[in-house]
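Q: Input: one structure, supplied below.
2 protein chains.
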Amino acid sequence: MFSFNDLITGKRRRSRSRVFTLYFAVNSPCFLYSAVWCVVANVKPGDLIRVITSGGLVVEGVVLPSTEFTSEKHIVLKLSSGYNVGVSLENAIVEVIAEDYLKLGALEGSQGVTVIKGKGELRMAFVSTGGTIVSKVEYETGAVKPALSASDLVEFVPELRELAEEIVVSDFMRKLSENMTPEDWSRISEEVGKYLRSGADGVIVAHGTDTMAYTAAALAFSLRNLGNPVVLVGAQRSSDRPSTDASYNLKACPVIVKEAPFAEVVVAMHGSSDDIYVLAHRGVRVRKMHSSRRDAFQSVNDLPLAKVYVRERRLEVINRNYLPRTRSSEVLLMNKFSSKVALLKHYPGIDCEIIDYLVDKGYKGVVIEGTGLGHIREECIDGIRRAIEEGVIVAMSTQTIFGRVDLDVYTTGRKLLKAGVVPVDDMLPEVAFVKLSWLLGNYHGEEPAKIGSRLTTNLVNEIGGTQSLSVFPRWYHGD
Amino acid sequence: MFSFNDLITGKRRRSRSRVFTLYFAVNSPCFLYSAVWCVVANVKPGDLIRVITSGGLVVEGVVLPSTEFTSEKHIVLKLSSGYNVGVSLENAIVEVIAEDYLKLGALEGSQGVTVIKGKGELRMAFVSTGGTIVSKVEYETGAVKPALSASDLVEFVPELRELAEEIVVSDFMRKLSENMTPEDWSRISEEVGKYLRSGADGVIVAHGTDTMAYTAAALAFSLRNLGNPVVLVGAQRSSDRPSTDASYNLKACPVIVKEAPFAEVVVAMHGSSDDIYVLAHRGVRVRKMHSSRRDAFQSVNDLPLAKVYVRERRLEVINRNYLPRTRSSEVLLMNKFSSKVALLKHYPGIDCEIIDYLVDKGYKGVVIEGTGLGHIREECIDGIRRAIEEGVIVAMSTQTIFGRVDLDVYTTGRKLLKAGVVPVDDMLPEVAFVKLSWLLGNYHGEEPAKIGSRLTTNLVNEIGGTQSLSVFPRWYHGD
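Here the protein sequences line up with chains A and B, keeping their order.
Residue 0 is where the first sequence starts when you use numbering that gives the first Met the number 0, and the numbers rise one by one after that.
Residue 0 is where the second sequence starts when you use numbering that gives the first Met the number 0, and the numbers rise one by one after that.
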């Protein structure tokens, strides 16, 4: 038998193979918090374990980061067959066969995963999801398609090897980012979380630029208690073109992993149309603001976290309001996203029945992109009130993109507040959409009012910043 | 009998009361173009006329600008009862009782219309539609509501009287602009057109800022053959507050009417957060880019047309690509807007059934705000193809706001093109929405392919500009 103390700190470091029952865990105060994360403190995701359940069933597999917050007495194992299985831990006997079975190097040979050794000190993972950065021009048709492997990309950028001791390269998906779904966010979160738990100093995620900002926000919410940076990177021109911005952007990524004092999900893209610096934008404050420019990604209602001078391999922090790096912290994966959330842009004369349609389709959340301080046509307020009465969370953002919503100023806003609409302050509409999808996924069953309150509670600097005037860009007025 | 030449140039100038038949007009080449506009060349909107129809019916009324392009043998008269009536002109006898019956001064006494005399030379109309600029704080509740009359506003700004000989002030609507509909655009167009036809050197339209850019685009399309500027103006803080921007913005308007070399619909709002200058933005290229700043309105993919230094009453053109002023030209009113057009923002995982829903609801046009160069998730392409096959026009714009859509680069774009989607180049999503609503209103019955081709044909500099790099704003990156 193990003491509670042993469970947390003890035997794990000393023995390679241990047998114990979950008896103490299940009955300890620790269990009251979360069985899974107590077990995790002992049997980490990535460990290969054998479980003998109270019913006598024997299951062997690798512990996955659990997302089953609704069922706290289960653990999820990946079997050698590739299938995942949930196992009840109540009065089960657990044996650790191999710790850190899915440690960075150990992943080699998994589907699409290779390990590249370098000359540096960093342990990194490079997860490719697709997009222009891994695309090539198909010369028969002239169209651009995802065709490069993640390893090809790493080969393009010698800087990665120079700064890394080990890079686990995962050819995870080959999707154009317009096809990404909340389900994909969930999968990417899990993949990134796996490497962070396995000791990576940072994870680089290659991604299409079209919806990169949405995915960045999704990762920022789903990877809780982040200790190291996660860097999303993309390209506006495919990697096989002379004009590609892929390699310049990519070169900045290991610098961020090495030098960043922040542990946030960031987007690393060109800061200007020339190769002067790359910006590390906070994932929940960035937006693709141009369809084709290299410096299309810009921070909104916030400053970028840092500039990266690529040639000098130097990172300059320009926003000191960040979540600090802790390196040792254990990432919690909360990677469920509800697909029953809509983002609805308001326009003059919009047919208010669209609200009823969404309610009838079983939507649980609607983020409206209202006008100005957060308005919609008055005719729609009744439908919104009905939706809220039926338990739908209706949030209000603004299509001006910059600035905050404020429903206290005008009569329309006051009526919306009275109907129960949740104003999202200075949160981007797209981020509010991702956050509401994440909240409804992970806090399933909570009262709408509680979810609404979570929506407006700051988690990762996505809301309520102190905006300086300079955050609004300077527009060219002919001089 | 009158010759064709007489019809165009002749008797009208000489006689105050004339009788003629429409015989020649109906049978002349002129008629082939448009009976209404030929008649207009002789019997102008605003004239009080008597019509004796071929059936012997006698109708007296004021000629309204006709929008009935589908029925070319009719004219619309406003009767003294206030009702409008369509009258067949075929073989009718028409007598002009009073020319320019609705001339600027003659409008006084109409509902909500007053005429103010000034010391200057300009003849202007000031049409108030509502919004913050005519709002006051309601001190019991703290909310802001439209409560000032248009005359109150004019009183606030002595510059208006100083530059004007005559200002017709029309208290036309008191709407918060989030409540504006395409039907309101139609009414405002008619009201503005009335004054332009009556000889105004320019019309100033006070409007709420929330949807001002949409209305500006609507007027730009509906007032064809504009000879003088139409200036939309608003305020971010209500006119009764010390911090209001209303009077500064208003003061710029008569300067624009006096000095502008362009005859376009423009939005006149603060150019910076200080009182340095007002910008005159092209109505089809402007967007409210901040929920609360004075300089919230900014031009996108284009330069503003001019800066107005208010204190010096000086206008400086900063964009030479404008439609020039002709003063003498007769405005054509094409002010129908279809309410069966939707603006649909794409987001990851969007349920493609929304397209079917819109088709089922009888929508004739959908403007999608896609991602990047104009993409949506591939799953939706089938639904879009079906919609197009059923005659719906599906246009593609981009949610990056800046830049152009280009469906030729990626496979998704090529599939969309193949399905028949119309890419709107560098047109703002909101402007594409307004233009499609206008096209479907005024070219009702035309083939979808023809409407699609009109959508991408430049009318008032709304599409296909030559963008300089400087048009993308300079973002603050910490230095």
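Glycine residues also receive a C-beta, built at the ideal position from the N, C-alpha and C atoms.
For residue 196/A, collect the residues of the same chain with a Cβ closer than 8 Å to its Cβ; drop the 5 residues on either side in sequence, then sort them by chain order.
A: Position 197 of the first sequence, counting from 1, holds the residue named residue 196/A. Excluding sequence neighbours, residue 196/A sits near 43, 44, 45, 64, 329 and 330.
Q: Spatial neighbours of residue 482/B within its chain, please: C-beta separation below 8 Å, excluding the five flanking residues on both sides.
A: The structure shown has nothing for residue 482/B, since chain B only spans 0 to 478.
Q: Please report whether the beta-carbon of residue 295/B lies at a distance below 8 Å from any beta-carbon of chain A.
A: Along the second sequence, read from residue 1 onward, the residue named residue 295/B stands at position 296. Chain A contact via Cβ: present.
Q: Can you give the beta carbon distance from residue 302/A to residue 459/A, rounded, assuming they're within the 8 Å contact cut?
A: Translated into positions along the first sequence, residue 302/A becomes position 303. Translated into positions along the first sequence, residue 459/A becomes position 460. About 15 Å separates the two Cβ atoms, so there is no contact after all.
Q: Please compile the residues from chain C whose C-beta is within a distance smaller than 8 Å of the C-beta of residue 278/B.
A: Considering every chain present, this structure includes no chain C. Its protein chains are A and B.
Q: Taking only beta carbons into account, state which residues of the region 315-334 of chain B come closer than 7 Å to chain A, listed in chain order.
A: Of all residues in the region 315-334 of chain B, 317 have a Cβ within less than 7 Å of some Cβ in chain A.
Q: Starting from residue 214/B, trace the beta strand (DSSP E) both ways and give me its first and last residue.
A: Taking the second sequence and counting its residues from 1, the one referred to as residue 214/B is at position 215. First-last for residue 214/B: 211-221, but that is the alpha helix (DSSP H), not the beta strand (DSSP E).
Q: How long is the line joining the alpha carbons of residue 327/A and residue 231/A, rounded to whole angstroms?
A: Counting from 1 along the first sequence, the entry for residue 327/A is found at position 328. Counting from 1 along the first sequence, the entry for residue 231/A is found at position 232. Taking the straight line from one Cα to the other gives about 21 Å.
Q: Can you give me, in chain order, the residues of the region 222-250 of chain A that have a beta carbon less than 7 Å from any beta carbon in chain B?
A: Within the region 222-250 of chain A, no residue has a Cβ that lies closer than 7 Å to any Cβ of chain B.
Q: Is DSSP giving residue 187/A helix, strand or coil here?
A: Residue numbering aside, residue 187/A sits at position 188 when the first sequence is read from its first letter. Helix, per DSSP.
Q: Is residue 434/B near residue 261/B, with beta carbons less than 8 Å apart?
A: Mapped onto the second sequence, residue 434/B falls at position 435. Mapped onto the second sequence, residue 261/B falls at position 262. No, the pair does not count as a contact, with Cβ atoms beyond the cut-off.
Q: Return the bridge partner residues of residue 395/B from the DSSP annotation.
A: Taking the second sequence and counting its residues from 1, one reaches residue 395/B at position 396. BP columns for residue 395/B point to 367/B and 422/B.
Q: From which residue to which residue does the alpha helix (DSSP H) around residue 358/B run?
A: The residue you call residue 358/B lines up with position 359 of the second sequence. Residue 358/B -> alpha helix (DSSP H) spans 352-359.
Q: Take residue 444/B as the anchor and find which of 425/B, 404/B, 394/B and 390/B has the nearest alpha-carbon.
A: In the second sequence, counting from the first residue as 1, residue 444/B sits at position 445. Residue 444/B has its Cα closest to that of 390/B, out of 425/B, 404/B, 394/B and 390/B.
Q: So, is residue 461/A buried or exposed, given that buried needs 16 or more other C-beta atoms within 10 angstroms?
A: The residue labelled residue 461/A in the question sits at position 462 within the first sequence. By the 10 Å Cβ count, residue 461/A comes out buried.
Q: What's the call for residue 29/B, buried or exposed, on a 16-neighbour Cβ count within 10 Å?
A: Translated into the one-based positions of the second sequence, residue 29/B becomes position 30. The predicted position of residue 29/B is uncertain, since its pLDDT is 34 and thus under 50; a value taken from the coordinates is nonetheless stated next. Residue 29/B comes out buried.
Q: Could you give the residue range of the beta strand (DSSP E) that holds residue 115/A?
A: Here residue 115/A refers to the residue found at position 116 when the first sequence is read from its first residue. Note, residue 115/A: beta strand (DSSP E), 112-116.
Q: How big is the Cα-Cα spacing for residue 151/B and residue 347/A?
A: Along the second sequence, read from residue 1 onward, the residue named residue 151/B stands at position 152. Along the first sequence, read from residue 1 onward, the residue named residue 347/A stands at position 348. Rounded to the nearest angstrom, the two C-alpha atoms are 28 Å apart.
Q: Quick check on the burial criterion: 16 or more other C-beta atoms within 10 angstroms. Buried or exposed for residue 441/B?
A: The residue labelled residue 441/B in the question sits at position 442 within the second sequence. It is buried - the Cβ of residue 441/B has at least 16 other Cβ atoms within 10 Å.
Q: Is there a Cβ of chain B sitting closer than 8 Å to that of residue 427/A, yes or no?
A: As a first step, residue 427/A must be located in the first sequence, where it is residue number 428. Cβ-Cβ to chain B under 8 Å: no for residue 427/A.
Q: Which residues does DSSP pair with residue 74/B in a beta bridge?
A: In the second sequence, residue 74/B corresponds to position 75, counting from 1. 86/B, per the DSSP bridge assignment.
Q: Taking the CB atoms as reference points, tell me whether residue 143/B and residue 408/A lie closer together than 8 Å.
A: As a first step, residue 143/B is located in the second sequence; it is residue number 144 there, counting from the start. As a first step, residue 408/A is located in the first sequence; it is residue number 409 there, counting from the start. Result yes, Cβ atoms of residue 143/B and residue 408/A sit closer than 8 Å.
Q: Name the chain A residues that come within less than 9 Å of residue 338/B, Cβ to Cβ?
A: For the purposes of this step, residue 338/B is taken as the residue at position 339 of the second sequence. Chain A residues near residue 338/B: 348 and 350.
Q: Using a beta-carbon distance cut-off of less than 9 Å, what residues from the region 264-292 of chain A approach chain B?
A: Listed by position along the chain: 270, 271, 272, 276, 278, 286, 287, 288, 289, 290, 291 and 292.
Q: Per DSSP, which residues does residue 323/A bridge with? Please list them.
A: Numbered from 1 along the first sequence, position 324 holds the residue referred to as residue 323/A. Per DSSP, 261/A.
Q: Distance, Cα to Cα, residue 428/B vs residue 366/B?
A: Against the second sequence, residue 428/B aligns to sequence position 429. Against the second sequence, residue 366/B aligns to sequence position 367. Those two C-alpha atoms are separated by around 7 Å.
Q: Buried or exposed: where does residue 24/A fall if 16 or more other Cβ atoms within 10 Å of its Cβ makes it buried?
A: Taking the first sequence and counting its residues from 1, the one referred to as residue 24/A is at position 25. For residue 24/A, the predicted structure reports a pLDDT of 36, less than 50, and the residue's modelled location is therefore unreliable. The matter cannot be settled from this model.
Q: Have a look at residue 477/B and residue 469/A and give me their C-alpha separation to the nearest angstrom.
A: Here residue 477/B refers to the residue found at position 478 of the second sequence. Here residue 469/A refers to the residue found at position 470 of the first sequence. Approximately 9 Å, taken between the alpha carbons.
Q: Closer than 8 Å, Cβ to Cβ, to anything on chain B: give me those residues from the region 141-158 of chain A, in chain order.
A: Per Cβ criterion, the list reads 141, 142, 143 and 144.
Q: Here's the rule: buried if 16 or more other CB atoms are within 10 angstroms of the residue's CB, otherwise exposed. What is residue 57/A?
A: As a first step, residue 57/A is located in the first sequence; it is residue number 58 there, counting from the start. It is exposed - the Cβ of residue 57/A has fewer than 16 other Cβ atoms within 10 Å.
Q: Around the C-beta of residue 210/B, are 16 or more other C-beta atoms found within 10 angstroms, so that it is buried, or is it exposed?
A: Looking up residue 210/B in the second sequence gives position 211. It is buried - the Cβ of residue 210/B has at least 16 other Cβ atoms within 10 Å.
Q: At the level of alpha carbons, what is the spacing between residue 362/B and residue 164/A?
A: For this step, residue 362/B is matched to residue 363 along the second sequence. For this step, residue 164/A is matched to residue 165 along the first sequence. Cα-Cα distance, rounded: 58 Å.
Q: From residue 199/B to residue 225/B, what does the alpha carbon distance come to, in whole angstroms?
A: Reading the second sequence from its first residue, position 200 is the one you call residue 199/B. Reading the second sequence from its first residue, position 226 is the one you call residue 225/B. Taking the straight line joining both Cα atoms gives about 12 Å.
Q: What separation, rounded to the nearest whole angstrom, lies between the Cα atoms of residue 263/A and residue 227/A?
A: In the first sequence, residue 263/A corresponds to position 264, counting from 1. In the first sequence, residue 227/A corresponds to position 228, counting from 1. Roughly 7 Å separates the two Cα atoms.
Q: Have a look at residue 289/B and residue 235/B and give me their C-alpha separation to the nearest angstrom.
A: As a working mapping, residue 289/B is identified with position 290 in the second sequence. As a working mapping, residue 235/B is identified with position 236 in the second sequence. Each residue's alpha carbon lies about 10 Å from the other.
Q: Check whether the Cβ atoms of residue 396/A and residue 426/A lie closer than 8 Å to each other.
A: Taking the first sequence and counting its residues from 1, the one referred to as residue 396/A is at position 397. Taking the first sequence and counting its residues from 1, the one referred to as residue 426/A is at position 427. Yes; because the gap between Cβ atoms is below 8 Å, this pair is in contact.
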